[in-house]
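Peer 1:
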Amino acid sequence: MQGPGTAFSDVLPEGVLRQLVDCHAGAYRERVYSPLRTLGLFIGQALSADGACQDAVARNLSERSACGVAACSLNTGPYCKARQRLPLGLIVALLSAIGRRMEQAQPQAWRWRGRCVKLLDGTTVSMPDTPSNQEVFPQNPAQQPGLGFPLARLVAILSLGTGAVLDWAMGACQGQDTGEQALFRQLLGALDAGDVVLADELYCSYWILATLKARGVDALMHQSVHRAYDFRRGKRLGPGDHIVQWARPPRPSWMDHETYAAMPETLSVREVRVNGRVLVTTLLDVHTASAVELDRLYRSRWNIEVDLRSIKAEMGMDILRCKSPEMIRKEVAVHLLAYTLVRAVMAQAASLAHVLARALRFKGVVQVLNAYHQQLRHSAGQRIRIMMAYLLGAISMLRLPSRPDRVEPRAIKRRPKPHRLLLIPRPVARLHILAHRRA
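Quick note: the sequence shown uses our numbering, first residue 6, plus one each step.
1) Is DSSP giving Met260 helix, strand or coil here?
2) Pick helix, strand or coil for His227, following the three-state DSSP scheme.
3) For Leu66, I'd like the list of residues in its chain whose CB is within less than 7 Å of its CB, leaving aside the five on either flank, ordered along the chain.
4) What number of angstroms, rounded off, separates the C-alpha of Leu361 from the C-alpha of Ala355?
5) If you draw a straight line from the alpha carbon of Glu331 to that of Val337, how long is it in whole angstroms?
6) At a cut of 8 Å, does the region 302-315 reach the region 158-166 through at least three beta carbon pairs?
7) How many angstroms separate the CA atom of Ala294 from the CA atom of Val202?
8) Consult DSSP for Asp312 and reduce its assignment to one of helix, strand or coil.
9) Check Pro9 in the structure and name its three-state DSSP category.
10) What is the DSSP secondary structure of Val222, reduced to helix, strand or coil?
11) Suppose you measure from the CA of Pro9 to the CA of Phe47; what does that come to, to the nearest Å?
12) Using only CA atoms, which one of Tyr84, Cys58, Glu68 lies nearest to Ser39?
13) Ala161 by DSSP, collapsed to three states: which one?
14) Report yes if the C-beta distance between Val370 and Val347 is below 8 Å; otherwise report no.
15) Nearest by alpha-carbon distance to Arg190: which of Arg278, Met132, Gly127 is it?
16) Could you give the distance in angstroms between the alpha-carbon of Gln7 and the alpha-carbon of Thr216?
17) Give the C-beta separation of Met107 and Ala349 to the nearest angstrom, bearing in mind that I take them to be a contact with Cβ-Cβ under 8 Å.
18) Under the three-state reduction of DSSP, which class applies to Lys335: helix, strand or coil?
19) My output table needs one value for Glu319: the three-state DSSP class, helix, strand or coil.
20) Does the structure place the region 138-150 close enough to the region 163-174 that three or more beta carbon pairs sit under 8 Å?
21) Would the region 208-215 and the region 267-274 be scored as touching if the rule is three or more Cβ pairs under 8 Å?
22) How about the region 278-291 and the region 230-244: do they share at least three Cβ pairs that are nearer than 8 Å?
23) Could you check whether the region 222-231 touches the region 274-289, counting it as contact only if at least three pairs of C-beta atoms, one from each stretch, sit closer than 8 Å?
24) Between the alpha carbons of Gln59 and His378, how many angstroms are there, rounded?
25) Are the beta-carbon atoms belonging to Gly199 and Arg120 less than 8 Å from one another?
26) For the region 109-145, which segments carrying the beta strand (DSSP E) assignment without a break, of at least 3 residues, lie completely within its bounds, in sequence order?
27) Enumerate in chain order the residues of its own chain whose CB-to-CB distance from Val26 is below 8 Å, with the five nearest sequence positions on each side excluded.
28) Which value, in whole angstroms, describes the spacing of the CA atoms of Pro146 and Arg118?
29) Let me check one thing: in DSSP terms, what residues is Arg404 bridge-paired to?
30) Given a cut-off of 8 Å on the beta-carbon distance, is the pair Cys178 and Leu156 in contact?
31) Please specify which runs of the alpha helix (DSSP H), each continuous and at least 4 residues long, are wholly inside the region 340-390, giving them in chain order.
32) If contacts are defined as beta-carbon pairs under 8 Å, then Val373 and Ala399 qualify, I think. What distance do you get, rounded to the angstrom?
33) Report yes if the C-beta distance between Val130 and Leu427 is below 8 Å; otherwise report no.
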């Protein structure tokens with residue numbers, strides 16, 4: 006909030022930050038847009054309602070003028086080149102370090118039975134229709150060339166306690182090894198022994214449950230619609246609650262013979278029918294987790310749906326701006342990093358107020374941070390400490406309303422404008438307009 010160079014001072018020690026910069030950015034020439042300043046302005050773009058490069062350059066000029074530093078040009082070219090030089094590995098490493106640090110520091114009250122709960126889900130994002138983007142992230146094959154937009158699939162692991170993004174993977178929406186389960190296999194390093202993973206029915210498979218169990222990680226998922234269940238079989242634990250053995254399926258094409266041989270021939274899982282749905286879990290002890298408690302825990306999985314919606318709708322990641330696949334990956338990484346930094350402020354305010362970080366409103370916090378931005382930038386000493394106390398106090402009061410069992414239709418009331426759909430490529434449509442004018 007006080008400037009691009011100080012964006013990480015409260016969430017990472019200076020030594021760790023400098024080590025990551027040296028490791029990923031290497032030796033660089035001091036200039037107007039250094040790696041951290043460029044990254045700070047990039048984060049400001051993700052949190053800004055405008056999101057344009059011109060806005061970032063103008064903010065940089067304003068900050069330099071306020072600090073008495075020589076003014077820089079308003080030309081966006083140098084800043085765009087600095088973004089291209091910015092290493093993707095630095096953004097990913099900062100996100101991982103901040104997320105892990107927040108996960109380890111969360112209070113016991115934010116955990117489930119002393120264990121960290123991690124949320125897993127996927128989504129898609131679109132981007133400008135450029136040849137390079139189409140090559141790496143092809144559009145839906147049902148759309149005609151020139152009428153669609155490139156699509157990318159994103160799978161992320163978030164913390165239930167803090168809301169921080171712990172790791173993510175990105176790929177195309179079609180082709181081999183591009184599904185959500187394939188992308189999730191790239192994120193296993195973000196899971197530690199003792200964690201509990203919450204996911205929807207798409208991830209409820211023998212391979213994922215067996216892989217998680219081998220790492221000492223328990224899972225709670227919705228039963229897949231493709232798997233039959235019979236509560237008359239297995240070890241009965243209660244009404245609609247039993248333990249059954251899942252047999253190892255045939256080896257899939259993506260798995261090598263050595264990994265397949267290491268998988269157990271049978272896997273003990275618990276199936277629970279509660280509140281009209283069947284849950285599958287590797288938490289087998291009914292005394293540790295009853296059916297009601299499992300249902301209450303699984304309901305918290307919906308938080309990742311809200312988190313992804315906040316990142317896409319409130320921060321504008323739904324429609325990306327960059328025109329090359331390399332910059333698309335950086336843009337996604339910066340959005341996730343900006344989201345995690347806001348979550349770090351929310352966690353700090355919630356910890357001081359002794360409330361759950363999940364009880365605070367993300368959009369309201371972003372609005373408060375933007376409102377305090379200019380005042381904090383021109384404050385120092387005792388004045389800034391007082392303002393920070395007011396800021397954290399204001400954030401701690403942005404509580405979410407209690408809406409248990411809320412149900413809303415997935416429909417839009419406001420009608421869109423009656424514009425015609427573009428059924429031919431845009432350059433062809435322009436030629437038709439010009440030809441009509443000449444006629």
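Yeah, the Cβ is synthetic: ideal placement off N, Cα and C, and Gly gets one too.
None of the values given here were measured: they were computed from a predicted structure.
Peer 2: This is what the structure gives:
1) In the sequence shown, counting from the first residue as 1, residue 260 sits at position 255. Reduced to three states, the DSSP call for Met260 is coil.
2) For the purposes of this step, residue 227 is taken as residue 222 along the sequence shown, with counting starting at 1. Looking at His227 - three-state DSSP - the assignment turns out to be strand.
3) Position 61 of the sequence shown, counting from 1, holds the residue named residue 66. Result list for Leu66: Ala76, Cys77, Leu79, in chain order.
4) Locating residue 361 in the sequence shown gives position 356, where the first residue counts as 1. Locating residue 355 in the sequence shown gives position 350, where the first residue counts as 1. Those two C-alpha atoms are separated by around 6 Å.
5) Position 326 of the sequence shown holds residue 331. Position 332 of the sequence shown holds residue 337. If you take the alpha carbons of Glu331 and Val337, they lie about 10 Å apart.
6) yes
7) Stepping through the sequence shown from its first residue, residue 294 is reached at position 289. Stepping through the sequence shown from its first residue, residue 202 is reached at position 197. Ala294 and Val202: Cα-Cα distance of roughly 14 Å.
8) The count along the sequence shown starts at 1 and reaches residue 312 at position 307. Residue state, collapsed to three classes: helix.
9) Walking along the sequence shown from the start, residue 9 turns up at place 4. Here the model assigns Pro9 a pLDDT of 47, short of 50, so the residue's position is not dependable and the matter cannot be decided.
10) Translated into the one-based positions of the sequence shown, residue 222 becomes position 217. DSSP places Val222 in coil when its eight states are reduced to three.
11) As a working mapping, residue 9 is identified with position 4 in the sequence shown. As a working mapping, residue 47 is identified with position 42 in the sequence shown. At Pro9, the pLDDT of 47 sits below 50, so the modelled position is not reliable and the matter cannot be decided from this model.
12) Counting from one through the sequence shown, the residue named residue 39 turns up at place 34. Here the closest residue by C-alpha is Tyr84.
13) Taking the sequence shown and counting its residues from 1, the one referred to as residue 161 is at position 156. Strand, per DSSP.
14) The count along the sequence shown starts at 1 and reaches residue 370 at position 365. The count along the sequence shown starts at 1 and reaches residue 347 at position 342. Yes, the Cβ-Cβ distance between Val370 and Val347 is below 8 Å.
15) Reading the sequence shown from its first residue, position 185 is the one you call residue 190. Of the listed residues, the one whose Cα sits closest to Arg190 is Gly127.
16) Stepping through the sequence shown from its first residue, residue 7 is reached at position 2. Stepping through the sequence shown from its first residue, residue 216 is reached at position 211. Only weak support exists for where Gln7 lies, its pLDDT of 49 falling under 50; the value from the coordinates is given anyway. Straight-line Cα distance between these residues: approximately 44 Å.
17) As a working mapping, residue 107 is identified with position 102 in the sequence shown. As a working mapping, residue 349 is identified with position 344 in the sequence shown. The pair is a contact, with the Cβ atoms about 6 Å apart (cut-off 8 Å).
18) Indexing the sequence shown from 1 puts residue 335 at position 330. Helix, per DSSP.
19) Reading the sequence shown from its first residue, position 314 is the one you call residue 319. The answer is helix: DSSP assigns Glu319 an H, G or I state.
20) no
21) yes
22) yes
23) yes
24) Mapped onto the sequence shown, residue 59 falls at position 54. Mapped onto the sequence shown, residue 378 falls at position 373. Answer to the nearest angstrom: the Cα atoms are 18 Å apart.
25) Locating residue 199 in the sequence shown gives position 194, counting from the first residue. Locating residue 120 in the sequence shown gives position 115, counting from the first residue. In contact: Gly199 and Arg120 (Cβ atoms closer than 8 Å).
26) 122-131
27) In the sequence shown, residue 26 corresponds to position 21, counting from 1. So the qualifying residues of the chain are Pro40, Leu41, Leu95.
28) Start at 1 with the first residue of the sequence shown, and residue 146 comes out as number 141. Start at 1 with the first residue of the sequence shown, and residue 118 comes out as number 113. Cα to Cα, Pro146 sits roughly 46 Å from Arg118.
29) Within the sequence shown, residue 404 is the residue found at index 399, counting from 1. For Arg404, which the question treats as bridged, DSSP gives the partners Leu365.
30) Along the sequence shown, one-based indexing puts residue 178 at 173. Along the sequence shown, one-based indexing puts residue 156 at 151. It is a contact, given that the beta carbons lie within the stated cut-off.
31) 367-382
32) To locate residue 373, count along the sequence shown from 1; it is residue 368. To locate residue 399, count along the sequence shown from 1; it is residue 394. About 6 Å separates the two Cβ atoms, so the contact holds.
33) Counting from 1 along the sequence shown, the entry for residue 130 is found at position 125. Counting from 1 along the sequence shown, the entry for residue 427 is found at position 422. Not a contact, by the Cβ cut-off of 8 Å.
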